[in-house]
Amino acid sequence: MKVNIYHLNKMLVVSDNSCIFEEHYENMSIFDARGKNFSGIDEVVNRWLKSSDNYYFIFESEEILISFLIGYLMNKFSIIHAAGGLIKHPKKGYLLIYKRGYWDLPKGKVDKGETTEQAAVRECMEETGITGLSIEKNLGLTFHVFEQNKKYVLKITQWYLMCTSDDKLPVPQAEEDIEKIEWISGLQELTDKGGNTYSSIKEVMKRAGL
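Note that numbering that gives the first Met the number 0 has the sequence shown beginning at 0, numbered continuously upward.
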């Protein structure tokens with residue numbers, strides 16, 4: 000099991016023994032967390048938050064890794080639960096929104112009483128004006144740490160692959176600072192256009208097979 004936690008332009012990779020160094024990472028500081036308690040790990044997490052490097056934590060088992068995610072991180076940070084979608088159209092491709100200088104996917108907070116599926120569909124409709132959305136596949140979670148009011152917040156976002164046959168033009172939600180919306184064929188087209196996007200968004204698109 001391996002999970003990437005993003006902060007600014009870097010990430011904290013946490014894995015168990017089964018998938019150590021499956022991928023190559025640049026500027027990576029390795030921390031062997033096997034057999035260590037979470038109080039000892041806290042100092043290293045704080046160092047990562049202030050560093051410009053990627054960090055890689057190795058845990059002895061998936062059970063300990065999950066305990067780190069659910070126990071330690073959810074106590075250390077304020078938590079925001081969000082949901083979003085990668086929208087697919089049979090003729091147009093995949094939808095991206097352009098927001099604050101980056102290509103992104105529509106998403107937002109889960110309201111009280113909502114399921115993540117309901118929140119994802121609602122947010123996608125609100126931010127793009129696209130209707131007729133149906134969920135095709137669960138694309139898993141992403142974890143993103145950011146600073147708000149001088150405190151660190153962990154946003155946990157549940158992603159879904161969605162389908163639509165809606166042919167009308169998308170309508171960017173101006174209140175959310177969305178400047179434009181485009182359909183693309185995949186990650187390579189985005190790269191060819193020189194478009195900025197977040198590493199977590201690339202991860203979601205890769206999970207969808209793009």
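We put the beta carbon where it would ideally sit given N, CA and C, even for glycine. Nothing here was measured: the structure is a model prediction, and the numbers come from that model.
If we count the other Cβ atoms within 10 Å of its Cβ and call it buried at 16 or more, is residue i buried or exposed?
i: Gln147; result: exposed
i: Asp15; result: buried
i: Pro89; result: exposed
i: Lys98; result: buried
i: Ser212; result: Nothing can be reported for residue 212: it is not among the residues displayed for the chain, which extend from 0 to 209.
i: Glu126; result: buried
i: Ala173; result: exposed
i: Val120; result: buried
i: Ile69; result: exposed
i: Ile183; result: buried
i: Val170; result: exposed
i: Gly83; result: buried
Where does residue i sit, in a helix, a strand or coil, going by DSSP?
i: Gly131; result: coil
i: Met10; result: strand
i: Asn45; result: helix
Assuming residue i contacts residue j under a Cβ cut-off of 8 angstroms, what Cβ separation, rounded to an integer in Å, is found between them?
i: Lys111; j: Ala81; result: Not quite, the Cβ-Cβ distance comes to about 14 angstroms (not below 8 angstroms), so this is no contact.
i: Val152; j: His6; result: About 11 angstroms; that fails the 8 angstroms criterion.
i: Ile155; j: Leu140; result: 6 angstroms
i: Asn195; j: Gly100; result: 6 angstroms
i: Leu95; j: Val203; result: Wrong, their Cβ atoms sit about 11 angstroms apart, outside the cutoff.
i: Phe30; j: Val43; result: 5 angstroms
i: Leu85; j: Leu160; result: 5 angstroms
i: Glu38; j: Tyr54; result: It should be pointed out that residue 38 corresponds to Ser in this sequence rather than to Glu. That belief does not hold up - the Cβ atoms of Ser38 and Tyr54 are roughly 17 angstroms apart, past 8 angstroms.
i: Ile134; j: Asp165; result: Not a contact, Cβ separation roughly 15 angstroms.
Can you tell me which residues form a DSSP beta bridge with residue i?
i: Phe30; result: Phe56
i: Gly139; result: Trp158
i: Ile40; result: According to DSSP, which records beta bridges pairwise, Ile40 is partnered with nothing at all.
i: Lys1; result: Ser14
Mind checking if residue i is an interface residue toward chain E, Cβ cutoff 8 angstroms exclusive?
i: Glu181; result: This model lacks chain E altogether; it includes just one protein chain.
> In chain order, which beta strand (DSSP E) runs of at least 3 residues are fully inside the stretch 49 to 122?
Replying inline: 53 to 57, 77 to 88, 92 to 98, 101 to 103 and 106 to 108
>> Could you tell me which whole beta strand (DSSP E) segments of length 3 or greater appear in the stretch 142 to 208?
In response: 150 to 162 and 177 to 183
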